[in-house]
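Reading through the structure tokens given below for one structure.
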Amino acid sequence: MTPGVAPRIVELRGVEKHFGAVRALEGVDFEVAAGECLGLVGHNGAGKSTLVQVLAGALAPDRGRIAMQGLEQEHHSPTHAQRLGIRCVFQELSLCPNLSVAENTRIQHPSLRGIGWRRRAARLIADKLDEIFPGHDIAASADVRDLSIARRQMVEVARAFTITEDPLELVVLDEPTSSLDAHTAAQLLAFVRRFVGAGKSCILISHLLGEVLKNADRIVVMRDGKVAAADAVGAFDHASLVAVMGGAESRTGAGATSARPPHASGAPRVRARPARQLDGAELVAHEGEIVGLAGLAGHGQTDLLLAVFAAASRRQPGIEVDARVALVAGDRQADGIFPLWSIAENIGIGSLARLRQGLLISARSEAELAHEWQRRIHIRTRDVRDNVLSLSGGNQQKVLFARALGSDARIVLMDDPMRGVDVGTKREVYELLRDEAAAGRTFLWYTTELDELDHCDRVYVFRNGRIVANLDRQEVTEERVIQSSFSDAH
0 MTPGVAPRIV ELRGVEKHFG AVRALEGVDF EVAAGECLGL VGHNGAGKST LVQVLAGALA
60 PDRGRIAMQG LEQEHHSPTH AQRLGIRCVF QELSLCPNLS VAENTRIQHP SLRGIGWRRR
120 AARLIADKLD EIFPGHDIAA SADVRDLSIA RRQMVEVARA FTITEDPLEL VVLDEPTSSL
180 DAHTAAQLLA FVRRFVGAGK SCILISHLLG EVLKNADRIV VMRDGKVAAA DAVGAFDHAS
240 LVAVMGGAES RTGAGATSAR PPHASGAPRV RARPARQLDG AELVAHEGEI VGLAGLAGHG
300 QTDLLLAVFA AASRRQPGIE VDARVALVAG DRQADGIFPL WSIAENIGIG SLARLRQGLL
360 ISARSEAELA HEWQRRIHIR TRDVRDNVLS LSGGNQQKVL FARALGSDAR IVLMDDPMRG
420 VDVGTKREVY ELLRDEAAAG RTFLWYTTEL DELDHCDRVY VFRNGRIVAN LDRQEVTEER
480 VIQSSFSDAH
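For the sequence shown, numbering that gives the first Met the number 0 puts the final residue at 489, and the numbers step up evenly by one.
Right, here's the structure in full:
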């Protein structure tokens, strides 16, 4: 359906939002129709997240109109949005880690009360997980803190689609597949199409432009706080989408760079055998190599990276590491940024020995390091002394890269670090990784995006905590990786 035919679920007119001198939204007109999957794209900092927070009632606009189902809203709030049938799954997940999956479901549904509410909440979320992600292994009684980030994302998505007393008309999905492997992401997107086919609506925000082009009915492109383009999905292809997003990044797709020359292996930097490996297979990463870790999410890739990280400071069975190690976390909120610190402090924490002046850290040296990496990796900020939470999610991830690459570590571990990062930033990071590898740095890169494996010299596919395939760059294809991921190895 299109907005000209179907009734509008939500309509924003002339919406503006400023944060001091920063204009996050500037005169935005935006609408979503019933029975429509709307793709919302743009680089990090384009205004997408601010727009969604206004829509969800979490932020009040400085100017403009908001109408829901044809009725203008003067006092819009998250509670009011929920009652109108609007749910949001934000890029930064909001589950309470100390509560179970069922208890987190109860937070969204206050009508689940009285004797037996836990049982009813457990059934509600379990049924929705079964519907969206057949074959999942998530128990409703499990504590969220014990779940991988992929499973937490699955729970958050499923919870948004559960229904009790409030209606469900529109679900906003902000980077919903960023932590999911290809198989699980396909399950979710197939469900979204069924949901929209039943007359409901969805806003799909994703930096995976192919995902948007394949699943959206209409696309809105944002740039610098404004709507740069809005049209039916057929009016765009990958190249035209990137072009209208603008800037120097307007080249080909994020996964289309590659062209990395064949790598001449240096000395082994890492040797690692997974704890569950019964045969003699092991991961070997040489000086100057980019080594990919692939397979379905939660099958031991992150565990191996953390074991290698630990082995740099204390002996670990089956793991040999011969240089300093840095880690770029994928779950930046839980494992990456220090939220009370400035941007400069978050970058400098990886280089304390170099920044010391006597017994103290030199503020000048810390700022110089931060400015160098702000320039090299294009961190969008007015001042590196600002709090790191003043940055968009993608720019926070750049800070983690700057911390690792600005350090003297010769081995860099990357735990699916491109979550929620726009296509232009990805290209910049890919080029930086190739340059650093050419200078002798070694990278171990776990990724759930199959396109990113094109940048690797070698790929190890994991299944049930074991290496089940060792592919050199000429052997890496989507078919080989998927086939290995679903092998019968136990």
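Positions of the beta carbon are idealized from the N, C-alpha and C atoms, including for glycine.
message: If distances are taken between C-alpha atoms only, which option among Gln300, Ala438, Val420 comes closest to Gly287?
response: Start at 1 with the first residue of the sequence shown, and residue 287 comes out as number 288. Closest option to Gly287, Cα to Cα, is Ala438.
field: Rounded C-alpha distance that separates Gly405 from Glu25
entry: If you number the sequence shown from 1, residue 405 lands on position 406. If you number the sequence shown from 1, residue 25 lands on position 26. Rounded to whole angstroms, Gly405 to Glu25 spans 35 Å at the Cα level.
message: Only counting the same chain, and skipping five residues up and downstream in sequence, which positions put a Cβ closer than 6 Å to that of Gly265?
response: Counting from 1 along the sequence shown, the entry for residue 265 is found at position 266. Taken in chain order, the residues that qualify are His285, Glu286, Gly287.
message: Which complete beta strand (DSSP E) runs does the segment 18-90 hold, if anything under 3 residues is left out?
response: 21-32, 36-40, 62-67, 85-88
Limits of the unbroken beta strand (DSSP E) element including Ser494: Outside the displayed span of the chain (0 to 489) sits residue 494, for which this structure offers no information.
query: Along the chain, where does the beta strand (DSSP E) that runs through Arg314 open and close?
result: In the sequence shown, residue 314 corresponds to position 315, counting from 1. Element bounds for Arg314: n/a, residue is neither H nor E.
- prompt: Beta-carbon separation of Leu390 and Ile342 under 8 Å?
  reply: For the purposes of this step, residue 390 is identified with residue 391 of the sequence shown, where counting begins at 1. For the purposes of this step, residue 342 is identified with residue 343 of the sequence shown, where counting begins at 1. Closer than 8 Å, so yes.
- prompt: Nearest-angstrom Cα distance between Phe235 and Gly41?
  reply: One-based indexing of the sequence shown puts residue 235 at position 236. One-based indexing of the sequence shown puts residue 41 at position 42. One C-alpha to the other measures close to 14 Å.
message: Can you find the residues in the same chain that come closer than 7 Å, C-beta to C-beta, to Gly393, ignoring five residues on each side of it along the sequence?
response: Here residue 393 refers to the residue found at position 394 when the sequence shown is read from its first residue. Only Asn43, Gly419, Val420, Asp421, Thr424 meet the Cβ criterion.
Extent of the continuous beta strand (DSSP E) run through Arg457: Residue numbering aside, residue 457 sits at position 458 when the sequence shown is read from its first letter. Note, Arg457: beta strand (DSSP E), 457-462.
Own chain residues within Cβ distance below 6 Å of Ala306, not counting five before or after: Looking up residue 306 in the sequence shown gives position 307. Hits under 6 Å: Gln315, Ile318.
task: Following the continuous beta strand (DSSP E) through Ala120, name the residue where it begins and the one where it ends.
output: As a first step, residue 120 is located in the sequence shown; it is residue number 121 there, counting from the start. Where Ala120 is concerned, there is no enclosing beta strand (DSSP E), although the alpha helix (DSSP H) it sits in stretches over 116-131.
task: Might you give, ordered along the chain, the residues of its own chain that have their beta carbon closer than 7 Å to the beta carbon of Leu94, omitting 5 neighbours on each side?
output: Position 95 of the sequence shown holds residue 94. Asn103, Val143, Arg151, Val154, Glu155.
task: Tell me whether Leu326 sits in a helix, a strand or coil according to DSSP, three-state version.
output: In the sequence shown, residue 326 corresponds to position 327, counting from 1. Three-state DSSP puts Leu326 in a strand.
message: Looking at Lys16: is its Cβ nearer than 8 Å to the Cβ of Val51?
response: One-based indexing of the sequence shown puts residue 16 at position 17. One-based indexing of the sequence shown puts residue 51 at position 52. No; because the gap between Cβ atoms is not below 8 Å, this pair is not in contact.
message: In whole angstroms, give me the CA-to-CA distance for Ala401 and Trp372.
response: One-based indexing of the sequence shown puts residue 401 at position 402. One-based indexing of the sequence shown puts residue 372 at position 373. Using only the alpha carbons, I get a separation of about 6 Å.
query: For Met413, which beta-bridge partners are listed by DSSP?
result: Mapped onto the sequence shown, residue 413 falls at position 414. The partner list for Met413 (beta bridge, DSSP) reads Val327, Trp444.
field: Bounding residues of the beta strand (DSSP E) (the contiguous stretch that carries Arg268)
entry: Within the sequence shown, the letter at position 269 stands for residue 268. Residues 267-271.
message: At the level of alpha carbons, what is the spacing between Ala253 and Val21?
response: Along the sequence shown, one-based indexing puts residue 253 at 254. Along the sequence shown, one-based indexing puts residue 21 at 22. Reliability of the predicted coordinates at Ala253 is poor, the pLDDT of 43 falling under 50, and no value is obtained from them.
query: Is the number of C-beta pairs between the segment 56-70 and the segment 5-13 that are closer than 8 Å three or more?
result: yes
task: On a CA-only basis, which of Arg86, Ile481, Ala57 is nearest Ile76? Give me that one, please.
output: On the sequence shown, position 77 is the one that residue 76 refers to. In the sequence as presented, Ile is not what sits at residue 76; that position holds Ser. Among Arg86, Ile481, Ala57, the Cα nearest to that of Ser76 is on Ala57.
message: Within 10 Å of its beta-carbon, does Thr441 have 16 or more other beta-carbons around it, so buried, or fewer, so exposed?
response: Start at 1 with the first residue of the sequence shown, and residue 441 comes out as number 442. Counting Cβ neighbours within 10 Å, Thr441 comes out buried, since at least 16 surround it.
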